[in-house]
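Student:
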Amino acid sequence: MKPHIAFIVCTLTIPYLMAQNVGIGTTSPSEKLHVAGNVRVSGEIKPDGEAGLAGQVLTSNGNGTMQWAAMNSGTEEEGNGGWGDCGVQQITDFFPAGMSGAKQGDQFGQSVAISGDYAIVGAPYDDASAMDAGSATIYSYNATTESWEDQGKVFNPSAVASDQFGWSVSISGDYAIVGSFADDENGHTNTGSATIFKRNINTGVWESQGKLTNPSPAAHDNFGLAVSISGDYAIVGALNDDESGKTNCGSATVFKRNINTGVWESQGKLLNPNLENDDSFGTSVSISGVQAIVGAYLDDELGSTNVGSATIFKRNINTGVWESQIKFLEDGFTNDYFGISVSIHDDYAMIGISGSFAQKGMAVIYRRNTQSGIWEEQTRLTDPEGQEGDQLGSTVYITPDYAFAGSLTDDEDGIADSGSVTLFKKLTEGLWYVHEKFTCPHATPNAKFGAVAMTTDENRFVTGARGISQSRGMVIFGRVK
3 MKPHIAFIVC TLTIPYLMAQ NVGIGTTSPS EKLHVAGNVR VSGEIKPDGE
53 AGLAGQVLTS NGNGTMQWAA MNSGTEEEGN GGWGDCGVQQ ITDFFPAGMS
103 GAKQGDQFGQ SVAISGDYAI VGAPYDDASA MDAGSATIYS YNATTESWED
153 QGKVFNPSAV ASDQFGWSVS ISGDYAIVGS FADDENGHTN TGSATIFKRN
203 INTGVWESQG KLTNPSPAAH DNFGLAVSIS GDYAIVGALN DDESGKTNCG
253 SATVFKRNIN TGVWESQGKL LNPNLENDDS FGTSVSISGV QAIVGAYLDD
303 ELGSTNVGSA TIFKRNINTG VWESQIKFLE DGFTNDYFGI SVSIHDDYAM
353 IGISGSFAQK GMAVIYRRNT QSGIWEEQTR LTDPEGQEGD QLGSTVYITP
403 DYAFAGSLTD DEDGIADSGS VTLFKKLTEG LWYVHEKFTC PHATPNAKFG
453 AVAMTTDENR FVTGARGISQ SRGMVIFGRV K
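First residue of the sequence shown: 3, per the numbering used here; consecutive thereafter.
1. Can you give the Cα-Cα distance for residue 481 and residue 115, rounded to whole angstroms?
2. Using a threshold of 9 Å, state whether the C-beta atoms of residue 343 and residue 397 are closer than that.
3. Does DSSP put residue 98 in a helix, a strand or coil?
4. Residues in its own chain within less than 7 Å of residue 223 by CB, not counting five upstream and five downstream?
5. Mapping DSSP to helix, strand and coil, what is residue 203?
6. Out of 226, 431, 438, 155, which has the shortest C-alpha to C-alpha gap to residue 123?
7. Got a sec, what are the start and stop residues for the beta strand (DSSP E) residue 293 sits in?
8. Could you pull the DSSP bridge partners for residue 239 from this structure?
9. Quick one: residues in its chain with C-beta nearer than 6 Å to the C-beta of residue 1, no 5 flanking neighbours on either side, listed in chain order?
10. Is residue 352 closer than 9 Å to residue 299 when the C-beta atoms are compared?
11. Using three-state DSSP, classify residue 461 as helix, strand or coil.
12. Which of helix, strand or coil does DSSP assign to residue 416?
13. What distance in whole Å lies between the Cβ atoms of residue 335 and residue 311, which are believed to be in contact at a cut-off of 8 Å?
14. Whole angstroms are fine: how far does the CA of residue 105 sit from the CA of residue 279?
15. With DSSP collapsed to three states, give me the class of residue 211.
16. Under a Cβ-count criterion, where at least 16 other Cβ atoms within 10 Å of its own Cβ denotes burial, should residue 10 be classed as buried or exposed?
17. CB residue 309 to CB residue 228, shorter than 9 Å?
18. I need the straight-line Cα distance from residue 117 to residue 35, nearest angstrom please.
19. With burial defined as no fewer than 16 other Cβ atoms inside 10 Å of the residue's Cβ, what is the status of residue 476: buried or exposed?
20. From residue 466 to residue 258, what distance separates their C-alpha atoms?
21. When DSSP labels each residue in this structure, what does residue 466 get in the three-state scheme?
22. Apart from the five residues just before and just after residue 429, which ones in its own chain have a Cβ nearer than 8 Å to its Cβ?
23. What's the C-alpha gap between residue 127 and residue 410?
24. Following the continuous beta strand (DSSP E) through residue 330, name the residue where it begins and the one where it ends.
25. By Cβ distance, which residues of its chain are closer than 8 Å to residue 129, with the 5 residues on each side in sequence left out?
See the structure below:
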């Protein structure tokens with residue numbers, strides 16, 4: 003009897019390798035890993051090593067990267083998506099955007115600004131021109147598609163490593179300004195600079211108009227930490243400038259565009275009315291027409307340390323000199339950091355106090371009495387649900403009808419330092435109420451959502467989350483209903 007012989011045939015699928023792409027089930031892999039068929043995963047997918055939280059879904063950032071994000075509630079708003087929270091009722095036109103070529107640590111969304119149909123977003127650690135040299139991206143609104151389109155990046159005209167160009171940005175009409183507080187200029191380390199860009203109306207390209215520098219530069223002035231532009235005027239803060247024999251007292255310089263030559267010329271420095279060492283005057287700046295406000299968050303006032311202050315200046319139409327109008331002070335508690343952020347729009351001013359109430363934070367709105375010319379306090383804004391450490395007022399922005407206060411370290415939905423923005427609306431003169439509090443639908447730990455700016459054109463706004471996706475960063479455009 004012959005022995006029975008059984009044959010076992012095994013079929014082994016061998017991956018195909020083509021141009022460093024691996025294919026399973028395909029002989030023409032078009033990606034690094036191309037699988038034709040189903041994929042069964044017994045573990046967890048971790049984009050950039052990040053594990054998702056319960057209830058989150060994997061979503062695209064729109065720039066070739068992915069991240070975990072909150073699931074949309076199914077209540078879609080107008081525009082390109084919903085804010086992902088059925089409780090959000092007063093904002094719409096959700097449009098997220100990531101930076102082209104974003105990499106870990108770029109911090110796109112550190113600074114944001116918007117004016118009409120244009121917006122600008124800073125990424126101070128972008129390596130596109132040099133390591134941590136930074137960049138800023140311009141966006142244009144397409145009314146037909148209701149989308150914000152990337153118009154390309156602008157850079158420091160003489161970029162080198164660690165300039166951190168894009169730490170601060172501002173835009174007004176066809177002009178934009180970008181701060182680079184760590185720029186080495188005039189032979190000085192970290193003296194800082196700010197660059198003006200203008201949109202070429204024929205080509206649409208934003209072209210450099212030249213750098214602005216401290217009129218009396220020195221090392222570590224950090225000129226450009228804060229910038230603001232309005233029409234033909236721009237203001238640049240230098241919080242560590244040494245003036246009048248005082249160390250790190252700070253300053254802010256106003257520039258005016260010469261309408262004949264197009265050159266932006268210095269109008270002189272603004273100083274704290276009673277400057278002392280380490281005031282950090284120029285930490286925050288904002289300009290509107292011929293009025294400007296400058297914050298000094300480490301100013302020692304009322305017998306306490308780091309109380310902070312903010313001063314309003316107005317241009318004298320006869321002399322051209324920017325004169326101090328009023329210095330705002332608060333209750334005088336140590337480490338209040340009054341003036342950490344400021345915003346001015348026509349006859350309204352808003353000041354952030356991130357350290358108040360055990361760092362719950364607060365913001366104060368002032369209005370100029372058009373009869374007397376005196377600036378009067380209107381209201382103090384807080385987050386009714388605020389917790390210690392939220393730091394409401396880390397960022398502020400005001401228009402005649404709306405006010406925004408960012409809380410960069412708010413732990414919303416149990417996510418540490420994910421951040422939030424509280425929108426206030428003016429009901430009647432002097433009475434402002436919470437219109438909406440919203441967070442980033444893609445929130446992750448340390449997202450630091452809260453940088454915000456608004457244009458009165460159809461109430462559009464832009465918010466930044468510099469820490470999202472391992473600090474690649476992102477912005478979300480929206481509109482107040």
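Every residue, glycine too, gets a C-beta built ideally from N, C-alpha and C.
Tutor: Concretely, from the data shown:
1. By one-based count along the sequence shown, residue 481 stands at place 479. By one-based count along the sequence shown, residue 115 stands at place 113. Near 14 Å, if we compare the C-alpha coordinates of residue 115 and residue 481.
2. Your numbering for residue 343 matches position 341 in the sequence shown. Your numbering for residue 397 matches position 395 in the sequence shown. In contact: residue 343 and residue 397 (Cβ atoms closer than 9 Å).
3. Within the sequence shown, numbered from 1, the residue matching residue 98 stands at position 96. Residue state, collapsed to three classes: strand.
4. If you number the sequence shown from 1, residue 223 lands on position 221. The residues 193, 194, 216, 240, 242, 243, in chain order, have a CB closer than 7 Å to that of residue 223 in the same chain once the five nearest residues on each side in sequence are set aside.
5. What you label residue 203 is simply residue 201 of the sequence shown in a count that begins at 1. Coil.
6. For the purposes of this step, residue 123 is taken as the residue at position 121 of the sequence shown. Taking only the C-alpha atoms, the option nearest residue 123 is 155.
7. To locate residue 293, count along the sequence shown from 1; it is residue 291. Looking at the DSSP string, the run of the beta strand (DSSP E) that includes residue 293 is 293-298.
8. In the sequence shown, residue 239 corresponds to position 237, counting from 1. As computed with DSSP, residue 239 is found in a beta bridge with 228, 254.
9. The question about residue 1 has no answer here: the residues shown for the chain are numbered 3 through 483.
10. Within the sequence shown, numbered from 1, the residue matching residue 299 stands at position 297. Within the sequence shown, numbered from 1, the residue matching residue 352 stands at position 350. It is not a contact, given that the beta carbons lie outside the stated cut-off.
11. To locate residue 461, count along the sequence shown from 1; it is residue 459. Assignment of residue 461 by DSSP, reduced to helix, strand and coil, places it in the helix class.
12. Walking along the sequence shown from the start, residue 416 turns up at place 414. The answer is helix: DSSP assigns residue 416 an H, G or I state.
13. Along the sequence shown, one-based indexing puts residue 311 at 309. Along the sequence shown, one-based indexing puts residue 335 at 333. Contact doesn't hold; Cβ gap of about 13 Å is too wide.
14. Taking the sequence shown and counting its residues from 1, one reaches residue 279 at position 277. Taking the sequence shown and counting its residues from 1, one reaches residue 105 at position 103. Taking C-alpha positions only, residue 279 is separated from residue 105 by approximately 39 Å.
15. For the purposes of this step, residue 211 is identified with residue 209 of the sequence shown, where counting begins at 1. Note: residue 211 maps to strand in three-state DSSP.
16. On the sequence shown, position 8 is the one that residue 10 refers to. Because the pLDDT of residue 10 is 49, which lies under 50, any placement of that residue in the model is unreliable, and the question is left without a value.
17. Residue numbering aside, residue 309 sits at position 307 when the sequence shown is read from its first letter. Residue numbering aside, residue 228 sits at position 226 when the sequence shown is read from its first letter. No.
18. Position 115 of the sequence shown, counted from the start, is the residue given in the question as residue 117. Position 33 of the sequence shown, counted from the start, is the residue given in the question as residue 35. Put simply, the backbone Cα of residue 117 is about 43 Å away from that of residue 35.
19. Your numbering for residue 476 matches position 474 in the sequence shown. In this structure residue 476 is buried. Its beta-carbon is surrounded by 16 or more other beta-carbon atoms within 10 angstroms.
20. Walking along the sequence shown from the start, residue 466 turns up at place 464. Walking along the sequence shown from the start, residue 258 turns up at place 256. Cα to Cα, residue 466 sits roughly 29 Å from residue 258.
21. Start at 1 with the first residue of the sequence shown, and residue 466 comes out as number 464. Of the three classes helix, strand and coil, the one that applies to residue 466 here is strand, per DSSP.
22. Counting from one through the sequence shown, the residue named residue 429 turns up at place 427. Listed in chain order, the non-local C-beta contacts of residue 429 below 8 Å within the same chain comprise 435, local neighbours out to five positions each way being set aside.
23. For the purposes of this step, residue 127 is taken as residue 125 along the sequence shown, with counting starting at 1. For the purposes of this step, residue 410 is taken as residue 408 along the sequence shown, with counting starting at 1. If I take the Cα positions, the gap works out to 19 Å.
24. The count along the sequence shown starts at 1 and reaches residue 330 at position 328. The continuous beta strand (DSSP E) containing residue 330 extends over residues 324-330.
25. As a working note, residue 129 is residue 127 in the sequence shown. Counting only Cβ-Cβ distances below 8 Å, and skipping sequence neighbours, we find 105, 108, 135.
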